[in-house]
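Here the protein sequences line up with chains R and W, keeping their order. Residues 1 to 436 (our numbering) are what the first sequence spells out, left to right. Residues 437 to 872 (our numbering) are what the second sequence spells out, left to right. Don't be surprised by glycine CBs; every beta carbon is placed ideally from N, CA and C.
Protein chains: 2
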Amino acid sequence: MNKNIIKPSTLPGFMELLPREQILFNKMLDIIRKNYEKFGFLPIDTPVIEKSEILLAKGGGETEQQIYRFEKGDTDLALRFDLTVPLARYVAEHFSELTFPFRRYQIGKVYRGERAQRGRFREFYQCDIDIIGNGKLDIINDAEIPSIIYSTFKDLGFDFFTIKVNNRKVLKGFFQHLDIEDSTEVLRTIDKLEKIGLRKVEKELEDQGLEKDKIIEILEFIQIEGSNEEKLQRLKNLNINNEIFIEGLKELEAVNEYISIFGVPKENYMIDLTIARGLDYYTGTVYETFLDDYPSLGSICSGGRYDNLAEYYTKQSLPGVGISIGLTRLFYQLNEVNLINVGEDSLTKVVIIPMKDCIDKAIQVANKLRQGEINTQIYLEQGKIGKKFGYVDKLNIPYSMVIGPDEIEKNQFTLRNMESGKQELFTMDELLKILK
Amino acid sequence: MNKNIIKPSTLPGFMELLPREQILFNKMLDIIRKNYEKFGFLPIDTPVIEKSEILLAKGGGETEQQIYRFEKGDTDLALRFDLTVPLARYVAEHFSELTFPFRRYQIGKVYRGERAQRGRFREFYQCDIDIIGNGKLDIINDAEIPSIIYSTFKDLGFDFFTIKVNNRKVLKGFFQHLDIEDSTEVLRTIDKLEKIGLRKVEKELEDQGLEKDKIIEILEFIQIEGSNEEKLQRLKNLNINNEIFIEGLKELEAVNEYISIFGVPKENYMIDLTIARGLDYYTGTVYETFLDDYPSLGSICSGGRYDNLAEYYTKQSLPGVGISIGLTRLFYQLNEVNLINVGEDSLTKVVIIPMKDCIDKAIQVANKLRQGEINTQIYLEQGKIGKKFGYVDKLNIPYSMVIGPDEIEKNQFTLRNMESGKQELFTMDELLKILK
């Protein structure tokens, strides 16, 4: 190898796709965006680089280790690690120019210098929506969110998925009632129920030094079964006289009632009392979404209600509710199990192949097709016809059209279906209809 | 101010828009993307972070000063400063998996730590297309590019703009013929003709120590006037017997001939012999695009032909031709002179305002509208009706619809045009048609 040649490669943990895959990825992005817009969310686009003091205002733990942080001049900079902190900064900064409730979506790349491992990415797309209230935000917003998840994943080609809903206040009130002051550890354990099973949960709770009778109550609580309505009834039957518990239960009832009015079918959502999520962030409703046939993929869309979005940047009280889809990881996972289901992997509809001295006509035809919003390429290189068909074929472009003296004379065009090999003669008007 | 509150602000040189502006920005992005796809370009999306050795392979000058470079672990990283270097790395890395000619588009953010000044950005979008040949690439590709520029800027709402075309070989051959070995300085001076005028160009050439007779020939050359065909004829009449000049002239003639076949109107392009562009990168055809009424904005879309895309990463010979639109700067400039012309600044078509106890019906109606692909918001908060209309108004959403007991009884809906204030009663089928 020439010593001046640098081996071309990307960094580990950075996804890069071939065009064919990129087309499918972008289609998924577009579907998500279209759904967010359908529900009245407005786009924002914040810088990838922010001041470190902004991004690390909350600080702590993994964030500080994983963040990409550096100096330029004498400014301490960092790359955003999610879209929530930038949203908080954005709403605080532009507060007086925004209209509340502020429904925003943002789709963009975020950065986390995680340990590299299969299926984990250091650069990945997040697709977020949030509804931010000024001072207050009606609980019915929490019921609308699952309908957006439903609509989005249906459009992404999925039928069998379940949106799991819970309310952190129900959990918090329940633990207060048990006199467990710091429920962090208990919640972390409960959250693992699906993964580790009931026996191990019990064991872990014992190891945490919890009294036997409390453990029994906890295990009973997380095993509450039945339809959503039965679960709610059983929660009521616990007769727990704790204010937060009662408030959470009321919220969960309201959310459950309205989710179905919002059009989410019964089989696509359920109350799951073991869902806790981000332990110190969410304060009310929480969501996770699972593919019924692929639970091992984990939650593919999660989120919840929080009391105060931007406490580090403003004194305004800004409650909100939102969700996030981590598309890079999701795409990777779906691709692994062959579940990408959003149509063709070609954007180009037809390649026009001009014969010798017929380029003028080829360009005219291409211009007409493009005016008709049909993505059209002209094959502009010299070469053998077989090579040209090979090109169309390799790119999975559905149609080709050779233009020669015959076509020019008749002003009719032979469209070749690349899959079937079938050829048919059409007028321009017919072409425009067929290719549309 | 609470001492724990961090002032929310973005870094200087980083554009951040309010949703209303963001909607317009995104519409422009979409139009550009749609046009690129219409001409058969395929999307790629490369990482924002790459190895420094990759991004700095060519190195030199401004790039090294401006690049955002940092270490994470013991890896030397940097943020991409354009989309061309990543494209070169991409094509070299994935060479065997790509189909040539490789027509790719990429739209993404790039980073340059420039000195902060008005209208200059450290983070900005580039919207690039390139056509890469494997070993060779027909000159007719160079003629197609202006038709893509034309189609794109027409769709962006512009009528009066000029795509200026030149060929670096014509310049190079001309200077060889004059025995000027290093034409870099001369080219730099000529490139300023528009800005500084003929007299100052002459003065600068004198200061460079050029002989009088050469200066006269140069000034004659750059003053060649007339129609494109006349300019080409006058270039021929110079009877310059230099191989490179003759080749360049032949290319320029071919490009000129085909541009109009590709459908670009005469008034939207011209040969301009003073356009040189990126002095060491382009090797043939070069383009710049100017708004006729706003020449001071500078070129809004530029590019050209290069002999070898990826010499630092592969021995493959990869000639190409491409253009770039720097959308962040363009948007800023157009906004300053009120030239953003891509439609409404609301994505949401209608806000449904439910009266007390009518939320169920409101949700049903919203579901139907959304199924009909109409972006619909339900106003879910409690409050006075005036405040709710104020919300719709502030967001420039064109329609609102109050749903109360009357609407439920009649199953008809009063649509309010927010601009005219006019209200009309419609059935659901009528609504779907009107709002579409």
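Pull up the distance between the alpha-carbon of residue i and that of residue j, whole angstroms please.
i, j, result
"G822/W", "Q502/W", "52 Å"
"A859/W", "D138/R", "Reading off the sequence shown, one finds Gln at residue 859/W, where the question assumed Ala. Distance between the alpha carbons of Q859/W and D138/R is about 28 Å."
"K869/W", "F25/R", "32 Å"
"N2/R", "P8/R", "Annotation note: pLDDT 49 at N2/R (below 50); position unreliable, coordinate value reported separately. Whole-angstrom Cα-Cα distance: 13 Å."
"K236/R", "E253/R", "11 Å"
"I408/R", "P354/R", "11 Å"
"A92/R", "L291/R", "36 Å"
"G61/R", "T710/W", "58 Å"
"L871/W", "L805/W", "9 Å"
"N167/R", "D130/R", "17 Å"
"Q752/W", "F657/W", "36 Å"
"K231/R", "N239/R", "13 Å"
"E489/W", "I6/R", "8 Å"
"S856/W", "Q117/R", "58 Å"
"L193/R", "V201/R", "6 Å"
"R516/W", "I485/W", "6 Å"
"F262/R", "K203/R", "40 Å"
"P841/W", "S183/R", "47 Å"
"F594/W", "L766/W", "13 Å"
"G762/W", "S260/R", "46 Å"
"L513/W", "D591/W", "38 Å"
"R115/R", "R69/R", "16 Å"
Give the C-beta separation of residue i and residue j to the nearest angstrom, bearing in mind that I take them to be a contact with Cβ-Cβ under 8 Å.
i, j, result
"Y125/R", "K136/R", "No, Y125/R and K136/R are not in contact; Cβ-Cβ is about 32 Å, not under 8 Å."
"D128/R", "S324/R", "5 Å"
"M401/R", "T414/R", "6 Å"
"I461/R", "D345/R", "Nothing can be reported for residue 461/R: it is not among the residues displayed for chain R, which extend from 1 to 436."
"E533/W", "Y547/W", "Contact flag wrong, Cβ pair sits at about 28 Å."
"M432/W", "F557/W", "The first residue shown for chain W is 437 and the last is 872, placing residue 432/W beyond what the model contains."
"K34/R", "G343/R", "Not confirmed; about 14 Å, so no contact."
"I107/R", "L29/R", "6 Å"
"R234/R", "I218/R", "Not really, about 15 Å apart at Cβ, beyond 8 Å."
"V365/R", "I403/R", "6 Å"
"A746/W", "L623/W", "Their Cβ separation, rounded to whole angstroms, is 25 Å, which puts A746/W and L623/W out of contact at 8 Å."
Hey, would you say residue i sits closer than 8 Å to residue j, going by beta carbons?
i, j, result
"N692/W", "I682/W", "no"
"T499/W", "L492/W", "yes"
"N375/R", "K474/W", "yes"
"G756/W", "I680/W", "no"
"Y287/R", "I145/R", "yes"
"N678/W", "H613/W", "yes"
"G284/R", "E251/R", "yes"
"P834/W", "P43/R", "no"
"I215/R", "L205/R", "yes"
"F161/R", "T289/R", "yes"
On a Cα-Cα basis, can you pick out the residue from the options that is closest to residue i?
i, options, result
"N411/R", "S420/R, E430/R, E53/R, N417/R", "E430/R"
"Y718/W", "M451/W, V606/W, G495/W", "V606/W"
"I616/W", "P731/W, R551/W, E647/W, Y541/W", "E647/W"
"G73/R", "P448/W, Y748/W, D627/W, T725/W", "P448/W"
"G555/W", "T598/W, G762/W, Q769/W, N675/W", "Q769/W"
"N268/R", "I359/R, I163/R, K231/R, P398/R", "I163/R"
"Y313/R", "N35/R, K58/R, P19/R", "K58/R"
"G569/W", "V786/W, Y835/W, L754/W, F825/W", "L754/W"
"A143/R", "R305/R, N367/R, Y399/R", "R305/R"
"Q644/W", "K631/W, I626/W, I799/W, L831/W", "I626/W"
"L831/W", "R188/R, Y258/R, F41/R", "F41/R"
"I584/W", "Y541/W, E817/W, I788/W, L623/W", "Y541/W"
"G390/R", "I403/R, I340/R, I363/R, M418/R", "M418/R"
"I31/R", "I359/R, F153/R, Q371/R", "F153/R"
"D743/W", "S732/W, P731/W, D716/W", "D716/W"
Just list the residues that DSSP pairs residue i with in beta bridges.
i, result
"E559/W", "F450/W, Y547/W"
"N603/W", "T721/W"
"N853/W", "Y835/W"
"I565/W", "Y541/W, I759/W"
"T812/W", "V786/W"
"T162/R", "F290/R"
"G593/W", "G593/W is not bridged to any residue."
"Y526/W", "Beta-bridge pairing links Y526/W to no other residue."
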